[in-house]
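Data first, discussion second: the structure below is written as structure tokens.
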Amino acid sequence: MHKLILAAAIFVMSITSVQASTLTVSGEYDYKIDNHTVGIIGGEEICFSPSARSALLLPYDPISGSTRWFCFNDMKSVAKAFGFPLELQADSCGFEGSATIEISNYQLTTRKKGYHESDRANLVSVIKSSTPEKITDCN
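Right, dumping it as structure tokens:
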């Protein structure tokens, strides 16, 4: 029992320290508004899937089955920072690219199994980013 309490305390302390600091992570970003994606994440979001190495920097809750990806707060400023419009043309259903970014205020979401609510973070800055590519396969 003492080991479980100690593990829980360490977990809470690690989440608090990540929320209070900034992190630099690399990976893939996307903004997809196809029906499948919107249905999974519950709305239009700009999300980030970190590389395997960067994912190790993010908090993880094995009890809830959390995954190490997150969506950004303040979509307008994030879209502007990555260089794409939120208003899409008829020939696309989103944008995607790769980036190295600095984030803050990482919020681990308590999930119920089977529900895909994302973790959240603020974008502090884009260190390096590919040119956003239109997503045209909207099925």
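In case it helps, mature numbering (1 follows the signal peptide of the UniProt record, and there is no 0) puts the sequence shown at residues -20 to -1, 1 to 119.
Yeah, the Cβ is synthetic: ideal placement off N, Cα and C, and Gly gets one too.
According to DSSP, is residue i helix, strand or coil?
i: Ser57; result: helix
i: Ser72; result: coil
i: Phe28; result: strand
i: Phe62; result: helix
i: Ser6; result: strand
i: Arg48; result: coil
i: Ser34; result: helix
i: Tyr86; result: strand
i: Tyr40; result: coil
i: Asp14; result: coil
What is the rounded straight-line gap between the Cα of residue i and the Cα of residue j?
i: Asn54; j: Asn102; result: Checking the sequence, you will find Asp at residue 54 rather than Asn. So the two alpha carbons sit approximately 8 Å from each other.
i: Thr111; j: Ser78; result: 8 Å
i: Leu68; j: Phe50; result: 22 Å
i: Ser109; j: Thr80; result: 6 Å
i: Phe75; j: Ile107; result: 19 Å
i: Ile26; j: Asp99; result: 12 Å
i: Lys58; j: Leu66; result: As written in the sequence, residue 58 is Val, which differs from the Lys given in the question. Whole-angstrom Cα-Cα distance: 10 Å.
i: Leu3; j: Asp71; result: 35 Å
i: Lys114; j: Tyr40; result: 31 Å
Bridge partners for residue i per DSSP, in chain order?
i: Glu113; result: Glu76
i: Ile81; result: Val5, Val106
Determine the burial state of residue i: buried for a count of at least 16 other Cβ atoms within 10 Å of its Cβ, exposed for fewer.
i: Asp117; result: exposed
i: Lys12; result: buried
i: Leu38; result: buried
TODO: Report yes or no: do the stretch 55 to 63 and the stretch 31 to 41 share at least 3 C-beta pairs separated by less than 8 Å?
DONE: no
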